[in-house]
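These notes are about the structure you will find just below.
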Amino acid sequence: MKLFGFLSLLLTVQAYQTYQTAFDLTPYIRTNPRQARKLSQVKDPLGIIPQSYAGFINVDEQVGNKIFFWFFKDVSGEPRAPLLIYVNWLPWYSSVVGVLYGSGPIRVTVNNETIGYERWTKSWVEKYPVLYIDYPYGIGFSYTESGEGYRASQEGNARDLLEFLNQFYTMFPKYLRRDLYIGGETYAAGKLLTSLAYLLHQNIQNKTSRIRLAGLFFSAPFYEPLLQAKYFLDLHYSLGLVSNCQKFEMTENVTHLEKRFQNPFNDVTISELISTILPYVGLNDDSNYHTQQGPPPQLYLLINSDHFKKIINAGHADFRNNFDPEILPRLTREIVTSATGKMATLMDNYKVLIYNGDYALLTTTPMVEAALANTPWKGKKEYLSSERKIWSVNSELAGYYTQVGRFCRVIVRKSGYEVALDQPENSLLMLDQFITNGCIRP
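Residues -15 to -1, 1 to 427, numbered by mature numbering (1 follows the signal peptide of the UniProt record, and there is no 0), are exactly what the sequence shown covers, in order.
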């Protein structure tokens, strides 16, 4: 299969050297941030990709922990537009996939078996600068040079992500004057980014950080795993995918697993954990019950091509679109560890948007609601006694929402896991109204 004429494009020696030296931006960030910005520029020979920067930042030189990012300036050029950071994380979704398949400004094309890409003008980048991050290590392009680099705790992940952010702001210091909104999906949102935001909150309180954290926007966050897992099949049951007996059996299995984890020397394996909290129910794809479609295989061929990796300064790094086998065994206990206390602190101190699509079967609406009902934030009682309001766009039903103080809860209609993919206009409208008004405005 041809790759957009990629094989016919040859690298010059000078370009190759730049390609290699731009691999790790950290030495340049420390000595010459302007040069780091220059080296990280994404130079698309076709002129399709909007102005952006990409590359690796080394957050722990002792073990070689390199985090890959792709940063897009907003197309609108609004000088006060807040900075958004976004982390996808599922076994098959790196944030680079999100750029080409979710909220990003590019889409894969296939014409007569030739793979290419085109501009997508319904992305979040049209209005906001967005920083996409591949994390954790072994997902997408991010990697560690040592087994010691894999982080097995929320605190370790938070430290690495905050170090990444600090280096990013050194490269792009003007964004320190803008508000920051931290966003992501499922596990990344519930654990990694909740921990990052909590650490950043502590530093802001201690006056050791100048970052202007303004809010969080999380898609179906998975932050109280064992509790949420008990509700995994509730939506499946209501759709008729499983029986009441199957739903009851899963709840019992999770309860049994919960008791085993109370013993620090338990012998729970990662495969047992995953199969218990995320049982297979016969669907090809959990992203969207209605469409049953995930990213096209051509997307991964494009990302893995040498030409595309050169454009986005990914060097010779391997792109992983599935779990790195080195990661999972180290995460067995961390996966079930709750981040509810951190989430409560963040909900008490910042604007928070939690949303999900009504067709998403991985972290479902009942699972998110179960976690919220167990989160001891100040608005909990009012939220649990509140009613959903109808969200309409141009006289059409777009979803449902609830606002309590600075907390905004939205269910997006006709959408699966990737809300920005299934409902691009409404997802941007939702995000824009959250940033501007705090929640949906009727």
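From the three backbone atoms N, C-alpha and C, an ideal C-beta is built for every residue, glycine too.
Sequence-distant residues of the same chain with beta carbon closer than 7 Å to residue i, five excluded per side
i       : result
Leu(-9) : Note that Leu(-9) scores a pLDDT of 29, beneath 50, so its modelled location is shaky and nothing firm can be said.
Ile297  : Val27, Ala39 and Trp55
Phe304  : Gly125, Phe126, Ile288 and Asn289
Val44   : Asn50, Ile52, Asp145, Glu148 and Phe149
Asn188  : Ser194
Leu220  : Leu346, Thr349, Thr350 and Pro351
DSSP state of residue i mapped onto helix, strand, coil
i           : result
Ile255      : helix
Ala7        : The pLDDT assigned to Ala7 is 39, lower than 50, so where the model puts this residue is not dependable, and the model offers no usable value.
Arg19       : helix
Ile297      : coil
Glu46       : coil
Thr155      : helix
Asn306      : coil
Gly125      : strand
Val227      : coil
Thr240      : helix
Thr421      : helix
residue 439 : The shown model of the chain, from -15 to 427, leaves out residue 439, and the question about it has no answer.
residue 442 : No answer is possible for residue 442: it lies beyond the span of the chain, which begins at -15 and ends at 427.
Leu263      : coil
Other residues of its chain near residue i: CB distance less than 6 Å, five sequence neighbours each side excluded
i           : result
Ile425      : Trp376, Tyr386 and Gln418
Pro18       : Thr155 and Met156
Ile262      : Ala214
residue 442 : With the chain covering -15 to 427 only, the question about residue 442 has no answer from this structure.
Lys58       : Gln36 and Pro114
Ser412      : Val404 and Ala405
Ser323      : Glu209
Ala299      : Phe126
Bridge partner(s) assigned by DSSP for residue i
i           : result
Arg394      : Ile339 and Thr387
Ile118      : Phe54
residue 444 : The requested residue 444 does not occur in the structure, where the chain is confined to residues -15 to 427.
Tyr166      : Leu69 and Gly200
Leu382      : Ser377
Ser37       : Phe57
Gln247      : Paired residues: none, contrary to the question.
Gln26       : Tyr38
Val95       : Ile100
Tyr285      : Partner(s): none; Tyr285 has no beta bridge.
Close beta carbons around residue i, own chain, < 8 Å, minus the five adjacent residues each side
i      : result
Leu382 : Ile375, Trp376 and Arg398
Asp343 : Thr350, Gly384, Ile396, Val397, Arg398, Lys399 and Ser400
Could you check whether the region 174 to 183 touches the region 197 to 213, counting it as contact only if at least three pairs of C-beta atoms, one from each stretch, sit closer than 8 Å? yes
Just to confirm the assignment: which complete alpha helix (DSSP H) runs, minimum length 4, are found wholly within the region 331 to 375? 350 to 358 and 365 to 369
Quick check: the region 42 to 57 against the region 123 to 131, are there 3 or more CB pairs under 8 Å? yes
Meets three-Cβ-pair contact criterion under 8 Å: the region 62 to 75 and the region 152 to 171: yes
Tell me whether the region 235 to 249 and the region 364 to 371 touch, counting them as touching only if at least three CB pairs, one residue from each stretch, are closer than 8 Å. no
Below 8 Å, how does it come out for the region 203 to 211 and the region 106 to 114: are there three or more Cβ pairs, yes or no? no
Below 8 Å, how does it come out for the region 82 to 102 and the region 6 to 15: are there three or more Cβ pairs, yes or no? no
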